[in-house]
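Below is one structure, written out as structure tokens; the observations come after it.
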Amino acid sequence: MTTRERASTTPKPRSSQPWLHQKGNEIQEYGTVRQLPVGMSYNTRMYSCQRLNQVLADTQILHALYKKHHWLMRGHTFYQLHQLMDKHAGEQTALVDTMAERVQTLGGVAIGDPRHVAEITNIPRPPNGVEEVPAMLSRLLEAHETILEDCHDAAARCQENGDDGTNDVLVSDVIRTNELQAWFLAEHLVDTPLVHS
Numbered sequence: 000m001t002t003r004e005r006a007s008t009t010p011k012p013r014s015s016q017p018w019l020h021q022k023g024n025e026i027q028e029y030g031t032v033r034q035l036p037v038g039m040s041y042n043t044r045m046y047s048c049q050r051l052n053q054v055l056a057d058t059q060i061l062h063a064l065y066k067k068h069h070w071l072m073r074g075h076t077f078y079q080l081h082q083l084m085d086k087h088a089g090e091q092t093a094l095v096d097t098m099a100e101r102v103q104t105l106g107g108v109a110i111g112d113p114r115h116v117a118e119i120t121n122i123p124r125p126p127n128g129v130e131e132v133p134a135m136l137s138r139l140l141e142a143h144e145t146i147l148e149d150c151h152d153a154a155a156r157c158q159e160n161g162d163d164g165t166n167d168v169l170v171s172d173v174i175r176t177n178e179l180q181a182w183f184l185a186e187h188l189v190d191t192p193l194v195h196s
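Note that the sequence shown covers residues 0 to 196 in numbering that gives the first Met the number 0.
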């Protein structure tokens with residue numbers, strides 16, 4: 000055995016030093032789907048991933064709006080709305096994870112970079128500063144409606160394509176959560192007397 004052969008078979012000493020600053024090749028591009036054994040055609044999976052990623056982007060923006068409004072609440076109902084915004088933000092986080100995992104299950108690439116999300120979202124950008132509370136609530140309601148309109152259409156089309164799993168995620172998770180949250184928000188915009196009628 001030569002010295003070179005011995006050197007290649009000799010185990011290298013282990014180290015606890017992390018291998019920092021690594022670079023790699025992109026192994027799957029956004030907007031593509033891999034073949035996975037899920038019993039659906041390429042076209043069905045591609046369509047579902049496109050629709051899910053749009054709702055996913057809008058949901059990530061809605062989550063960010065909830066967190067912003069959670070921090071910026073004002074007035075007599077500050078505590079209640081501060082708590083509600085945080086609760087709704089947490090529920091939106093769960094939806095983000097559910098949709099992203101569904102995209103991955105279909106062989107796609109879930110949208111995750113906030114800069115990419117900002118490029119494709121349908122939710123209008125809010126002002127950088129603080130709006131009055133009714134305007135913040137109205138902005139959230141409009142975002143919910145945008146997501147719900149898209150979800151109703153996407154769920155129906157995914158069902159037509161035979162993608163029951165994506166239909167279920169959109170209906171059972173996204174639509175039901177957004178409808179309930181919209182109801183809670185809308186009730187805060189009803190002008191009713193507090194003591195006398």
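Quick reminder that beta carbons are idealized off the backbone N, C-alpha and C, glycines included.
- Here glycine 106 is buried. Its C-beta has 16 or more other C-beta atoms within 10 Å.
- Taking C-beta separations shorter than 7 Å and ignoring five residues to either side along the sequence, the partners of aspartate 85 in its chain run His69, following chain order.
- Counting C-beta pairs closer than 8 Å gives fewer than three between the region 62-79 and the region 19-26, which falls short of the contact rule.
- Short of 6 Å from the beta carbon of cysteine 157, and not among the five residues preceding or following it, lie these beta carbons of its own chain, in chain order: Ser47, Thr165 and Asn166.
- Residue environment for histidine 87: buried (at least 16 other C-beta atoms within 10 angstroms of its C-beta).
- The residue among Glu28, Val129 and Thr31 with its C-alpha nearest the C-alpha of glycine 74 is Val129.
- The three-state secondary structure of asparagine 166, taken from DSSP, is helix.
- For glutamine 27, the closest of Arg44, Val108, His81 and Ala93 by C-alpha to C-alpha distance is Val108.
- Proximity to arginine 101 across His151, Gln53 and Glu186 peaks at Gln53, based on C-alpha coordinates.
- Across the structure, proline 113 and serine 15 are spaced so that their CA atoms are roughly 33 Å apart.
- In the three-state reduction of the DSSP assignment, alanine 181 falls in the helix class.
- Around the beta carbon of histidine 151, fewer than 16 other beta carbons sit within 10 angstroms, so the residue counts as exposed.
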